[in-house]
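Counting from 0, one number per residue, gives the positions in the sequence shown under numbering that gives the first Met the number 0.
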Amino acid sequence: MESMESHSEFSCEPIRLRMCQDLPYNTTFMPNLLNHYDQQTAALAMEPFHPMVNLVCSADLRMFLCALYAPVCTVYGQVSMPCRSLCQRAKDECHKLMEVFGVSWPDDMECSRFPDCDQPYPRQEDLQTDSDPTDESSMTVSREYGFWCPRELKMEPDLGYSFMGKKDCSGPCPSMFFNQKELNFMRYFIGVVSIVCLAATLFTFLTFLIDVTRFRYPERPIIFYAVCYIMVSLVFFLGFLLEDRVACNAASPSQFKAATITQGSHNKVCTLFFMVLYFFTMAGSVWWVILTITWFLAAVPKWGSEAIEKKALLFHAVAWGLPGALTVTLLALNKIEGDGISGVCFIGLYDMDALRWFVLAPLCLNVAVGVSLLLVGIVALNRVRMEIPLEKENQTKLIKFMIRMGVFSVLYLVPLLTVIGCYIYEHTYRGIWEKTWMEENCKSYHIPCPYKVEQTKRPAMVLFLIKYLMMLVVGIPSAFWVGSKKTCFEWANFLHGRRRKDSGVNESRQVLQEQPDFAQSLLREPNTPVVRKSRGTSTQGTSTHASSTHLAVLDDLDEPIRTHHGPPTLTRSKASSVHSKTSYHGSLRRTRDDRSDSVVYRGTEPRSFHGSMPRLDHPLSGHGSMHQIDGPSKHGSQRDISEAPATLITHGASGSDSPAAANDATSA
Numbered sequence: 000m001e002s003m004e005s006h007s008e009f010s011c012e013p014i015r016l017r018m019c020q021d022l023p024y025n026t027t028f029m030p031n032l033l034n035h036y037d038q039q040t041a042a043l044a045m046e047p048f049h050p051m052v053n054l055v056c057s058a059d060l061r062m063f064l065c066a067l068y069a070p071v072c073t074v075y076g077q078v079s080m081p082c083r084s085l086c087q088r089a090k091d092e093c094h095k096l097m098e099v100f101g102v103s104w105p106d107d108m109e110c111s112r113f114p115d116c117d118q119p120y121p122r123q124e125d126l127q128t129d130s131d132p133t134d135e136s137s138m139t140v141s142r143e144y145g146f147w148c149p150r151e152l153k154m155e156p157d158l159g160y161s162f163m164g165k166k167d168c169s170g171p172c173p174s175m176f177f178n179q180k181e182l183n184f185m186r187y188f189i190g191v192v193s194i195v196c197l198a199a200t201l202f203t204f205l206t207f208l209i210d211v212t213r214f215r216y217p218e219r220p221i222i223f224y225a226v227c228y229i230m231v232s233l234v235f236f237l238g239f240l241l242e243d244r245v246a247c248n249a250a251s252p253s254q255f256k257a258a259t260i261t262q263g264s265h266n267k268v269c270t271l272f273f274m275v276l277y278f279f280t281m282a283g284s285v286w287w288v289i290l291t292i293t294w295f296l297a298a299v300p301k302w303g304s305e306a307i308e309k310k311a312l313l314f315h316a317v318a319w320g321l322p323g324a325l326t327v328t329l330l331a332l333n334k335i336e337g338d339g340i341s342g343v344c345f346i347g348l349y350d351m352d353a354l355r356w357f358v359l360a361p362l363c364l365n366v367a368v369g370v371s372l373l374l375v376g377i378v379a380l381n382r383v384r385m386e387i388p389l390e391k392e393n394q395t396k397l398i399k400f401m402i403r404m405g406v407f408s409v410l411y412l413v414p415l416l417t418v419i420g421c422y423i424y425e426h427t428y429r430g431i432w433e434k435t436w437m438e439e440n441c442k443s444y445h446i447p448c449p450y451k452v453e454q455t456k457r458p459a460m461v462l463f464l465i466k467y468l469m470m471l472v473v474g475i476p477s478a479f480w481v482g483s484k485k486t487c488f489e490w491a492n493f494l495h496g497r498r499r500k501d502s503g504v505n506e507s508r509q510v511l512q513e514q515p516d517f518a519q520s521l522l523r524e525p526n527t528p529v530v531r532k533s534r535g536t537s538t539q540g541t542s543t544h545a546s547s548t549h550l551a552v553l554d555d556l557d558e559p560i561r562t563h564h565g566p567p568t569l570t571r572s573k574a575s576s577v578h579s580k581t582s583y584h585g586s587l588r589r590t591r592d593d594r595s596d597s598v599v600y601r602g603t604e605p606r607s608f609h610g611s612m613p614r615l616d617h618p619l620s621g622h623g624s625m626h627q628i629d630g631p632s633k634h635g636s637q638r639d640i641s642e643a644p645a646t647l648i649t650h651g652a653s654g655s656d657s658p659a660a661a662n663d664a665t666s667a
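Quick look at the structure:
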C-alpha cells in the first residue's frame, strides 16, 4: 500500500458503495488506499467480503473495509487511515468464516501496514467539516499524488517493467503523444528514408566487393562504417513492415489491459532488434573515429598504407569490442524499450538515465575525438599545400582531397549533431510532456490528475521526424566517398562481365603519399633553386609512387629492340643519358654534408630478353648507361632516348660487327 502523505488534486465525491452507506461520513475520494481508481472497481473488489459482512462475523469488519475502499474525505489535505487494533479485531473474529467461504485475507490488508493506535474510525477531527458546503472549492482537497499507474497499464511483477517512476507499469502503445494519423505519416516517412539509406550503404559495400584492393587504409574504415548502417537501416525497414507488433504488447480487453510498450528481454524479437540497432549504431560511430585516426596517421606522421594496415586488428577490436560491451551491459540491466513510432526497440525512450549514459555520452565522446583529429589532419595538409611548392596538378589533387574529406566529414557530423541535439531536447522536456499527458488522460484512466500544472506542452511531430531522418541519413555519406567516374567504370565492367584491371594506388592515398616530408623541406637552403616536383622526379630524394612509376617507364625504354626471328644480340645504348653537375633538372640532390652529387635512379639497369647479350662495361664502350662530363654539356642534362637511331638486329648478327653499335660508341 502506497503512502498517502503527498498526492495531487482530487475531488471529494459521494459514497455510492452499497456496503458503505449509513456511515458517519458520506463522501470519499478516489483513488482509495488500495489503488482503486473509481468506486465501481472498489465495489468489485469488496464482493468476496459480502457474506462475512451480512453474517456479522465482527462488528468492526464493515467499518474496516469501508475505511480502505471508501476512506473519509477531509478538507485538510490529510489521509485518515484505520488503526491496527481495528484491523486485528476484524481479522481474528472473521478468519474462520472466511475459511468456510474460501476467502483469504489480502496482503494489502495486513494489519502491520496500519498505524499502531486505538482510536475509532473515522476520528472526530476527520468529521469536523461542513457536510453541505456551498462553496465548490471546499469540496476539493489539493494533494500531490504524483503518477499512479492505471489498471490498464499494470504489468506482471516479475517482468521488471517501469514507467514514469512506477514499477510494474508500462507506457501506452503505440504512442503517448501522437494520434493514429500522425503515427501513420511518421511510419511511412521512416520507411522511405530507411530504404534510401539501405540503398546508399549497400551500393558502397557492393562497390567495395567488386574491387576489394581499391579501398585500402586510410579510407578502408568507410566500408565498415557503411556495413554498420546497412544493418541500422535494415532494422528500421523491418520495423516499418512490422509496425507495432514487436514494440508493443498486445491489448487484453478481457483483463482490462491496454496495449503497452515492450520492455526488457522477454520479447525475443524486440531483444534482437535492440542488439542489432544499438550495436551497429555505436560501431558506426566508432568506425568514423577510426577513420579520422587513419587520416591523421597518413597526414601528420605520414604513415604509409601498409603501416596503417598493420594496426587493423587493433581497429577491429576497438570498433566491435566497445559496442559489444555496451550492448551486453544494457542486456544485463534490462534496459530495452520498444518504440511504437518506428516499430523497433532501443534504449532511452522512456528511461532518461539510460539515454544520458548509454547514448548521449558515447556519441558526444566520439564526436569530440573525431573532430579533434580531423582538424589536426586538415591543418597539417594545408601547411603542406602552403609551404611546399608543388606542381599545379598535385596542388589541384591535394585541394580536391581536402575538400572531399571536409565535405564527407560535414555530411556525417551535421546529422549526428542534429540527432544529439534532438536527444538533449527530449531529455530536457520529457517531464513536461509527461505531465501534459497525465493532465489530458487522468480522467479516462481514473488516476489522480497533476496538481497545479504550470506549463503544458506536447512534443512537435517535426522533432521526431528530424530525429529519425538524421539517424538514417548519417549513413548516406559513405556513398558520396565512393562516387566517382572510376566507380561507374567498375560497375559497367562488372555488369558487362569484363575482367577488371589492377586498380593500383587510389587517388586519395596517392595524394597523401606524394606530399614531401615537411621536416626535410625546412632543411633546404634559401639560395637553393626550387625544383618543382613532377610525377617522375623527387627533389627530396624520397621515393614516391609517382616517381617510381616514371622510372619504371625509363626501364621499359631501355629494353632491347626485339627481332622477328631470334633473340637479340645487342642492346641499344643511351647516347645522351648524361647528367650535368651544373643542371638543376632533377639530377642533383643535397646530402647531409651540404654537398651535391648526382642522383642514381633505380631501375636504369637495362633488362635483356630471351638470352640477349649483356651490356658491355668497358670504359671505351658506347653502351654505358651514363657518363660524367666535366664541362657543361651541349646536350643538356638528359636527351630524349627517342633521338638515338633505331637499330634492327638481323638473325645471326653479332653485336661487335654491328655498324649501329659503332656509331653509338662514337657518339658517346
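Even glycine gets a Cβ: it sits at the ideal position worked out from N, Cα and C. The structure displayed is predicted, hence computed values, not measured ones.
Given a cut-off of 8 Å on the beta-carbon distance, is the pair P30 and I446 in contact? yes
With distances taken between CB atoms, is the gap from A360 to A318 smaller than 8 Å? no
Distance, Cα to Cα, K95 vs L43? 23 Å
Give me the DSSP bridge partner(s) of Q262. E336
Going straight from the alpha carbon of R403 to that of F204, what length do you get? 19 Å
Cα-Cα separation, E151 to F188: 30 Å
Looking only at its own chain, which residues have a Cβ that is under 6 Å from the Cβ of E604, when we skip the five neighbours before and after it? Caution is warranted here: a pLDDT of 44 is assigned to E604, below 50, making its placement in the model unreliable, and no coordinate value can be reported.
Would you identify the three-state DSSP class for C82, choosing helix, strand or coil? coil
Given a cut-off of 8 Å on the beta-carbon distance, is the pair M154 and C168 in contact? yes
Whole-angstrom distance between K442 and R17, CA atom to CA atom: 23 Å
For P322, which residues of its own chain have a beta-carbon under 7 Å away from its beta-carbon, when the five flanking residues on both sides are left out? F278, M281, A282 and V285
Rounded C-alpha distance that separates N333 from V327: 10 Å
Under 8 Å between the Cβ atoms of G369 and V288? yes
Start and end of the alpha helix (DSSP H) containing E155? Looking at the DSSP string, E155 is not in any alpha helix (DSSP H), and its letter there is neither H nor E.
Are I14 and A66 close, meaning C-beta to C-beta below 8 Å? no
Run the CB neighbour count on S193, radius 10 Å, all protein chains shown included, and call it buried at 16 or more, exposed below. buried
Stretch pair the segment 222-242 + the segment 339-357: three plus CB contacts closer than 8 Å: yes
Residue span of the alpha helix (DSSP H) that contains C227, given as start and end: P220 to L241
Determine, using beta carbons only, whether F272 comes closer than 8 Å to chain D. In summary, chain D is missing from the structure at hand, where a single protein chain is found.
Evaluate H495 with the Cβ neighbour count: other Cβ atoms within 10 Å of its Cβ, from every protein chain shown; 16 or more gives buried, anything less gives exposed. exposed
Secondary structure of T26, DSSP reduced to three states: strand
Are M45 and Y120 touching if we call contact CB-CB under 8 Å? no
Mark N266 as exposed unless 16 or more other C-beta atoms lie within 10 angstroms of its C-beta, in which case mark it buried. buried
Any idea if C19 is buried or exposed, counting beta-carbon neighbours within 10 angstroms, 16 or more meaning buried? buried
Taking P476 as the reference, give the member of P23, T455, M351 and F223 with the closest Cα. F223
Give me the Cα-Cα distance between A84 and C116, rounded to the nearest whole angstrom. Checking the displayed sequence, the identity of residue 84 turns out to be Ser instead of Ala. The straight-line gap from Cα to Cα measures roughly 7 Å.
Assuming W432 contacts K456 under a Cβ cut-off of 8 Å, what Cβ separation, rounded to an integer in Å, is found between them? 7 Å
Where D129 falls: helix, strand or coil (DSSP): In this prediction, D129 scores a pLDDT of 45, lower than 50, which makes its location untrustworthy; the coordinate-derived value is nonetheless stated afterwards. DSSP places D129 in coil when its eight states are reduced to three.
Host alpha helix (DSSP H) of G496 (start-end): Segment: none, G496 is in no alpha helix (DSSP H) and carries neither H nor E.
Can you find the residues in the same chain that come closer than 6 Å, C-beta to C-beta, to T649, ignoring five residues on each side of it along the sequence? Residue placement at T649 is flagged as unreliable, the pLDDT there being 41, under the threshold of 50; a coordinate-derived value is accordingly withheld.
From the DSSP secondary-structure annotation, give me the bridge partner or partners of P13. T26
Proximity to F236 [Cα-Cα], best of Q262, V275, R429 and Q254: V275
Measuring alpha carbon to alpha carbon, tell me which residue in P449, R429 and V481 is nearest F176. R429
Quick one: using the 10 Å Cβ neighbour count with 16 as the cut-off for buried, is C11 buried or exposed? buried
Leaving out the 5 sequence neighbours to the left and right, which residues in its chain are closer than 7 Å to V268 when beta-carbon positions are compared? V245
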